[in-house]
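Beneath this line is the structure, given in structure tokens, with notes to follow.
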Amino acid sequence: MTHSPASSEDEERHSASECPEGGSESDSSPDGPSRGPRGTRGQGSGAPGSLASTRGLQGRSMSVPDDAHFSMMVFRIGIPDLHQTKCLRFNPDATIWTAKQQVLCALSESLQDVLNYGLFQPATSGRDANFLEEERLLREYPQSFEKGVPYLEFRYKTRVYKQTNLDEKQLAKLHTKTGLKKFLEYVQLGTSDKVARLLDKGLDPNYHDSDSGETPLTLAAQTEGSVEVIRTLCLGGAHIDFRARDGMTALHKAACARHCLALTALLDLGGSPNYKDRRGLTPLFHTAMVGGDPRCCELLLYNRAQLGIADENGWQEIHQACQRGHSQHLEHLLFYGAEPGAQNASGNTALHICALYNKETCARILLYRGANKDVKNNNGQTPFQVWGCEGWWGRGWCTKEAGAAMPSQCPSRSPPSMQPGDGDPQAQG
1 MTHSPASSED EERHSASECP EGGSESDSSP DGPSRGPRGT RGQGSGAPGS LASTRGLQGR
61 SMSVPDDAHF SMMVFRIGIP DLHQTKCLRF NPDATIWTAK QQVLCALSES LQDVLNYGLF
121 QPATSGRDAN FLEEERLLRE YPQSFEKGVP YLEFRYKTRV YKQTNLDEKQ LAKLHTKTGL
181 KKFLEYVQLG TSDKVARLLD KGLDPNYHDS DSGETPLTLA AQTEGSVEVI RTLCLGGAHI
241 DFRARDGMTA LHKAACARHC LALTALLDLG GSPNYKDRRG LTPLFHTAMV GGDPRCCELL
301 LYNRAQLGIA DENGWQEIHQ ACQRGHSQHL EHLLFYGAEP GAQNASGNTA LHICALYNKE
361 TCARILLYRG ANKDVKNNNG QTPFQVWGCE GWWGRGWCTK EAGAAMPSQC PSRSPPSMQP
421 GDGDPQAQG
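Position 423, counted from 1, in the sequence shown is what full-length UniProt numbering calls 423; the numbers after and before it change by one each time, with no gaps.
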């Protein structure tokens with residue numbers, strides 16, 4: 001399906017219809033915005049209101065005051081691809097991602113590639129049009145009350161063009177199947193100058209390869225020596241949270257590929273370490289699974305990655321690291337506040353996982369960090385009982401008599417180093 005969101009001057013035509021007070025959602029109404037070129041025009045202004053309306057609004061603030069506090073905010077949400085407008089209440093202290101899920105639940109029809117839809121704020125009051133960042137709070141985006149209930153659009157993410165003199169015929173030539181394939185080749189080869197030249201002509205880098213399902217940015221995130229290409233793409237209109245067909249963002253791809261430099265570049269360009277894939281998992285979760293360079297894990301945590309994200313079975317990052325024996329990643333997770341006693345859906349803690357998968361080094365680290373060895377899972381078993389009375393665990397590691405026994409190299413108590421190449425605090429048992 002080809003997505004061509006309307007230009008932002010069309011949205012304000014809906015300002016005459018407001019939500020009824022006290023209602024959380026109004027009936028869907030037809031919405032027929034005009035179709036423009038691929039991408040979104042950044043300019044636009046609404047029709048002027050009547051003189052009476054203008055006078056009535058003179059005492060009203062144009063935006064939410066910095067010290068204002070609202071328990072809920074009402075928005076009109078236009079959905080151009082469904083020709084509908086809905087009125088919804090949102091928690092201003094929730095993330096844009098949460099608001100997006102709320103919009104999805106309110107839809108009466110399904111949308112293709114829905115993970116790449118976002119909330120779009122039209123140009124108004126001197127502010128440029130833009131898509132709202134998924135991991136920022138709704139409260140962080142000031143809203144205009146000049147025309148009544150604030151208006152946002154739920155539309156497919158495309159490049160937001162700032163130019164007003166776009167050549168639509170030239171754009172159509174750039175976005176042929178051959179042209180898009182050639183652009184992906186330039187990205188994979190790392191020829192940033194050729195990538196920049198096509199972006200300057202107006203190419204929209206937010207699309208999927210028909211064969212691999214990758215986007216130009218997710219492809220660059222997995223390619224060695226692609227930092228300059230990543231910067232060029234992001235500055236040329238690529239959305240960092242635009243997902244490949246498998247639901248992963250460029251940060252997920254860089255984490256899975258263990259590309260620390262690509263991860264650093266994406267974070268420096270404004271990417272969030274808390275982007276979710278289609279399973280609701282973050283780049284940090286994938287780093288705990290794939291292991292590799294522990295600096296990737298450290299970098300995400302240093303940039304305030306959220307801990308305690310769980311998959312459908314209740315496994316958190318700490319469970320994944322212990323299952324695979326990624327002791328250095330485990331050290332970073334614990335230092336930044338991971339809960340050593342967190343239980344999955346079966347009631348197993350990280351120590352239970354160490355016992356199940358015979359990961360002695362990780363178990364030693366957990367015990368040294370104060371993990372409770374007496375927690376029982378859903379079967380009423382402690383980690384010691386899961387392991388049985390044989391092997392290193394049964395020989396006394398978990399007994400009181402072995403309380404003084406420590407690994408030959410104790411895990412570091414100091415903060416992990418952020419110097420490239422230093423790696424992780426030593427955690428070898």
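Yeah, the Cβ is synthetic: ideal placement off N, Cα and C, and Gly gets one too. All values reported here derive from a predicted model rather than from experimental measurement.
For residue i, count neighbouring Cβ atoms within 10 angstroms of its own Cβ and tell me buried if that reaches 16, exposed if not.
{"i": "residue 430", "result": "Only positions 1 to 429 of the chain appear in the structure, and residue 430 is not among them; the question remains open."}
{"i": "C105", "result": "exposed"}
{"i": "R279", "result": "exposed"}
{"i": "Q112", "result": "exposed"}
{"i": "W315", "result": "buried"}
{"i": "D277", "result": "buried"}
{"i": "F131", "result": "buried"}
{"i": "L267", "result": "buried"}
{"i": "G388", "result": "exposed"}
{"i": "E140", "result": "exposed"}
{"i": "L235", "result": "exposed"}
{"i": "G337", "result": "exposed"}
{"i": "E109", "result": "exposed"}
{"i": "T164", "result": "exposed"}
{"i": "K201", "result": "exposed"}
{"i": "G126", "result": "exposed"}
{"i": "D81", "result": "buried"}
{"i": "G32", "result": "Because the pLDDT at G32 is just 39, under 50, the model does not fix this residue reliably, and the value given afterwards should be weighed accordingly. So G32 counts as exposed."}
Taking residue i as the reference, give the member of the options with the closest Cα.
{"i": "G190", "options": "L180, A129, N344 and P216", "result": "P216"}
{"i": "S71", "options": "L88, P92, C354 and I79", "result": "P92"}
{"i": "Y275", "options": "T349, A363, N206 and R304", "result": "R304"}
{"i": "A123", "options": "I96, K100 and K162", "result": "K162"}
{"i": "L219", "options": "R243, A196 and D204", "result": "R243"}
{"i": "K169", "options": "I79, L203, K157 and R155", "result": "L203"}
{"i": "G225", "options": "R258, L180 and E153", "result": "R258"}
{"i": "residue 445", "options": "K201, P205 and D167", "result": "Any answer about residue 445 is impossible in this case: the structure gives the chain only from 1 up to 429."}
{"i": "Q323", "options": "A338, T349 and Q102", "result": "T349"}
{"i": "C296", "options": "L281, L269, Q328 and H319", "result": "Q328"}
{"i": "A221", "options": "F183, C260 and K194", "result": "C260"}
{"i": "T95", "options": "E133, Q121 and G126", "result": "E133"}
{"i": "P150", "options": "G237, Q101 and T85", "result": "T85"}
Cα separation between residue i and residue j?
{"i": "P283", "j": "L251", "result": "6 Å"}
{"i": "H83", "j": "K253", "result": "34 Å"}
{"i": "K359", "j": "A310", "result": "21 Å"}
{"i": "R76", "j": "L137", "result": "18 Å"}
{"i": "Q188", "j": "R231", "result": "14 Å"}
{"i": "L199", "j": "K173", "result": "13 Å"}
{"i": "V229", "j": "A288", "result": "27 Å"}
{"i": "K181", "j": "L171", "result": "15 Å"}
{"i": "M248", "j": "D128", "result": "28 Å"}
{"i": "L307", "j": "A321", "result": "13 Å"}
{"i": "M73", "j": "N378", "result": "42 Å"}
{"i": "C354", "j": "L88", "result": "46 Å"}
{"i": "A255", "j": "T223", "result": "12 Å"}
{"i": "K147", "j": "A99", "result": "22 Å"}
{"i": "G380", "j": "S346", "result": "10 Å"}
{"i": "Y302", "j": "G271", "result": "14 Å"}
{"i": "K177", "j": "G292", "result": "36 Å"}
{"i": "T361", "j": "L367", "result": "10 Å"}
{"i": "S29", "j": "Q343", "result": "The predicted position of S29 is uncertain, since its pLDDT is 45 and thus under 50; a value taken from the coordinates is nonetheless stated next. Rounded to whole angstroms, S29 to Q343 spans 46 Å at the Cα level."}
{"i": "residue 433", "j": "V375", "result": "The structure shown does not extend to residue 433, since the chain spans only 1 to 429, so no value can be given for it."}
{"i": "R155", "j": "I79", "result": "6 Å"}
{"i": "F335", "j": "L115", "result": "33 Å"}
{"i": "R369", "j": "T264", "result": "29 Å"}
{"i": "S192", "j": "F183", "result": "10 Å"}
{"i": "P294", "j": "H326", "result": "9 Å"}
{"i": "Q121", "j": "S210", "result": "30 Å"}
{"i": "P142", "j": "G237", "result": "23 Å"}
{"i": "V160", "j": "H175", "result": "16 Å"}
{"i": "Q102", "j": "E135", "result": "15 Å"}
{"i": "V386", "j": "K194", "result": "58 Å"}
{"i": "D167", "j": "F90", "result": "38 Å"}
Kindly give me the distance between the Cβ atoms of residue i and residue j, rounded to whole angstroms, as I take these residues to be in contact under 8 Å.
{"i": "L300", "j": "P273", "result": "5 Å"}
{"i": "P383", "j": "L351", "result": "4 Å"}
{"i": "Q363", "j": "G341", "result": "The question names Gln, but residue 363 is Ala in the sequence shown. Actually they are not in contact, since the Cβ atoms of A363 and G341 sit about 14 Å apart, beyond 8 Å."}
{"i": "E317", "j": "F285", "result": "5 Å"}
{"i": "K157", "j": "Y117", "result": "7 Å"}
{"i": "L152", "j": "L119", "result": "5 Å"}
{"i": "V227", "j": "A262", "result": "6 Å"}
{"i": "D246", "j": "G213", "result": "6 Å"}
{"i": "I365", "j": "E331", "result": "6 Å"}
Check the DSSP bridge columns for residue i and list the partner residues they point to.
{"i": "F154", "result": "L119"}
{"i": "R127", "result": "T124"}
{"i": "V74", "result": "R89"}
{"i": "L307", "result": "DSSP lists no partner for L307."}
{"i": "residue 430", "result": "Because the chain here runs from 1 to 429, residue 430 falls outside it and cannot be looked at."}
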